[in-house]
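Trainee: Note that the UniProt record's numbering has the sequence shown beginning at 1, numbered continuously upward.
Yeah, the Cβ is synthetic: ideal placement off N, Cα and C, and Gly gets one too.
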Amino acid sequence: MSNAVADPTAVEYGHVEHAMVHFDDLDAMGILHNARYALLLERALTAYWSANGVALQNGRATTPDVFHAVREFAISFRAPITGTGPVGVHFWLEHLGTSSAVYGFRFHSLDGTTVYAEGRRAVVRLDPATLRPAPWTDLARGIAGALLRPA
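1) By the 10 Å Cβ neighbour count, where 16 or more other Cβ atoms means buried, how is valine 70 classified, buried or exposed?
2) Please tell me whether serine 99 and valine 66 are closer than 9 Å, where the distance is taken between their beta carbons.
3) Per DSSP, which residues does residue 152 bridge with? Please list them.
4) State yes or no: is the C-beta of histidine 90 within less than 9 Å of the C-beta of phenylalanine 105?
5) To the nearest angstrom, report how far apart glycine 150 and tyrosine 13 are at their CA atoms.
6) Are isoleucine 75 and valine 21 touching if we call contact CB-CB under 9 Å?
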């Protein structure tokens, strides 16, 4: 009988990043504070996009796609994260519009057996001068294509 665990980063769609839960992320009961989930998701998304060349470097955006705003964030909690250490953050795109994108996400144990929380996050790419919606670049569309969940 094997003790090997399937690689939870190997997913059918989307991408998995590991995010680190630190002591100061925990509440008085020793569980991950609810407000920290948004921060950990942001860090996971930033790691993915930065690895693909979409980032802030030297105080400047590498592409216009970095300039976007969160329009919606919804989360449902399933089980508490009860300590420090890495946690899996699986995210994907449910929709990629002209200037918007809707992510689905779930937080899970590293072995993939426990789902801690799941939800959605919608963003809108903005023109920095007008703060009006602006289309994603071809670069962002190409990178985002790997995150799209099949219909």
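Mentor: In brief:
1) As a first step, residue 70 is located in the sequence shown; it is residue number 70 there, counting from the start. The residue in question, valine 70, is exposed, as its Cβ has fewer than 16 Cβ neighbours within 10 Å.
2) Here residue 99 refers to the residue found at position 99 when the sequence shown is read from its first residue. Here residue 66 refers to the residue found at position 66 when the sequence shown is read from its first residue. Contact: no.
3) An answer regarding residue 152 cannot be provided, because it is not within the stretch 1 to 151 covered by the chain.
4) Here residue 90 refers to the residue found at position 90 of the sequence shown. Here residue 105 refers to the residue found at position 105 of the sequence shown. In contact: histidine 90 and phenylalanine 105 (Cβ atoms closer than 9 Å).
5) For the purposes of this step, residue 150 is taken as residue 150 along the sequence shown, with counting starting at 1. For the purposes of this step, residue 13 is taken as residue 13 along the sequence shown, with counting starting at 1. For clarity, residue 150 is proline in the given sequence; the question names glycine instead. Roughly 7 Å separates the two Cα atoms.
6) Your numbering for residue 75 matches position 75 in the sequence shown. Your numbering for residue 21 matches position 21 in the sequence shown. Result no, Cβ atoms of isoleucine 75 and valine 21 do not sit closer than 9 Å.
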